[in-house]
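The next block holds one structure in the form of structure tokens; read it before the comments.
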Ligand code: FAD
């Protein structure tokens, strides 16, 4: 009978991503309720040393697949190995991150195993011995609860929503014999973000600008505020479509889904497609000169005023407070 909770950890360039600790901690919390074991799948090349870091966040056992064919990440190879490890070990629950890589991998693995998959979950619990996953539906207009009829129950967890909590366990390493079929596709080039800024999906603070910014140069005032707050700049699709910001900065339904501790929306009206990407932020501040803008219905704090007046003042105050 299927038993235990397995996570699929994510690493890049030999370092575990923050989402790996978030899913490990969530799995630990669920396992402590059900008395189960937490195991992890860790794939890549030269990554065995990372198992100890996963153990710090509550992982009892780590299945390490170490093979040059698994680096850099290629969907086919990772899906093949992850699906085999899951099949061989028969966990009741498998958790992924709903990161770009996790979304890609989880769908492929679920299809291989004919398993159910709840994507981009904002809550998970065990009820009556079954995983119950909460996920946004209709671009975040409502939330649905998903239960599973077959094992393994698979879910991907939205980054930055679940806390990473240290809870050291054994992290015993089991090396997996990895035989990877020749993939039909190969990675030709990986273009790395050299800005040195934290990726939007992992940022704790985001200062975002929309059409109200009026042009690309005006984003400088958001960069200044973000620098003071050690945050990252995001944008609405209107700002991206106008060519003021790169696509990687777009927040929303067709951009990135973010859950920072603080999201400051400047000159953004709050269209449903934008809200779909940021409404799970822990604190939302809106600066908009139109008191009727829908963003205020979602905001925890609102400033009805000209952003070109408010943002520089806010930057100056924060600079003084944080000095
Ligand atoms: P606007 O709606 O034009 O709002 C600009 C705001 O700035 C206004 O509220 C105005 O009052 C305010 N403003 C102007 N000047 C000032 C000033 N000086 N001071 C203060 N406030 C000022 N959008 C996304 O963002 N992300 C997505 O991923 C996305 N995906 C989409 C997918 C589909 C299929 C579709 C159809 C649309 C999508 N959109 C997305 C577009 C979305 O519908 C909106 O058009 C877009 O979000 C609007 O961007 P905005 O709020 O910057 O612009």
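Residue numbers (this note's numbering): 163 to 485.
Ideal Cβ positions, reconstructed from N, Cα and C, are used throughout, including at glycine.
Bear in mind that the values here come from a model prediction, so they are computed numbers and not experimental data.
Express the C-alpha separation of residue j and residue i in angstroms, rounding to a whole number.
i	j	result
residue 469	residue 368	16 angstroms
residue 453	residue 466	6 angstroms
residue 337	residue 354	30 angstroms
residue 167	residue 180	19 angstroms
residue 386	residue 459	27 angstroms
residue 430	residue 221	41 angstroms
residue 305	residue 279	16 angstroms
residue 177	residue 413	25 angstroms
residue 451	residue 427	12 angstroms
residue 482	residue 476	10 angstroms
residue 331	residue 424	32 angstroms
residue 462	residue 446	5 angstroms
residue 364	residue 448	21 angstroms
residue 320	residue 358	23 angstroms
residue 442	residue 420	7 angstroms
residue 297	residue 415	14 angstroms
residue 264	residue 464	34 angstroms
residue 164	residue 202	16 angstroms
residue 333	residue 398	42 angstroms
residue 340	residue 190	26 angstroms
residue 170	residue 361	20 angstroms
residue 235	residue 175	10 angstroms
residue 486	residue 274	With the chain covering 163 to 485 only, the question about residue 486 has no answer from this structure.
residue 316	residue 380	44 angstroms
Under a Cβ-count criterion, where at least 16 other Cβ atoms within 10 Å of its own Cβ denotes burial, should residue i be classed as buried or exposed?
i	result
residue 233	buried
residue 322	buried
residue 403	exposed
residue 302	buried
residue 219	buried
residue 215	buried
residue 251	buried
residue 348	exposed
residue 282	buried
residue 224	buried
residue 473	buried
residue 226	buried
residue 409	exposed
residue 400	buried
residue 378	exposed
residue 230	exposed
residue 206	buried
residue 411	buried
residue 351	exposed
residue 246	buried
residue 309	exposed
residue 299	exposed
residue 172	buried
residue 208	exposed
residue 484	exposed
residue 438	buried
At a cut-off of 6 angstroms, would you count residue i as near the ligand SAH, judging by its Cβ distance to the nearest heavy atom?
i	result
residue 304	Ligands displayed in this structure: the ligand FAD; the ligand SAH is not among them.
Under 7 angstroms, Cβ to Cβ, is there at least one residue of chain C near residue i?
i	result
residue 185	Among the protein chains of the structure shown there is no chain C, as only one such chain exists.
Do three or more CB pairs link the stretch 185-204 to the stretch 322-340 at distances below 8 angstroms? yes
Inter-stretch contact at 8 angstroms, needing at least 3 Cβ pairs: the stretch 281-297 / the stretch 384-394: no
Okay, do the stretch 355-375 and the stretch 403-423 touch, 3+ Cβ pairs below 8 angstroms being the bar? yes
The ligand FAD: which residues have Cβ under 5 angstroms from any of its heavy atoms, chain order? 372, 373, 374, 398, 399, 400, 414, 415, 416, 417, 429, 430, 431, 433, 435, 436, 450, 451, 452, 455, 468 and 469
Take every Cβ of the stretch 263-271, pair it with every Cβ of the stretch 237-245, and state whether three or more of those distances are shorter than 8 angstroms. yes
Any contact between the stretch 244-262 and the stretch 190-207? By contact I mean 3 or more CB pairs, one from each, below 8 angstroms. yes
Which complete alpha helix (DSSP H) runs does the stretch 378-427 hold, if anything under 4 residues is left out? 382-391 and 399-403
Any beta strand (DSSP E) of 3 or more consecutive residues that is wholly inside the stretch 290-348: 292-299, 304-309, 315-319 and 334-337
Which runs of the alpha helix (DSSP H) at least 4 residues long sit entirely within the stretch 196-282? Give them in chain order. 213-217, 237-251 and 262-275
Which runs of the beta strand (DSSP E), 3 residues or longer, sit entirely within the stretch 436-465? 445-450
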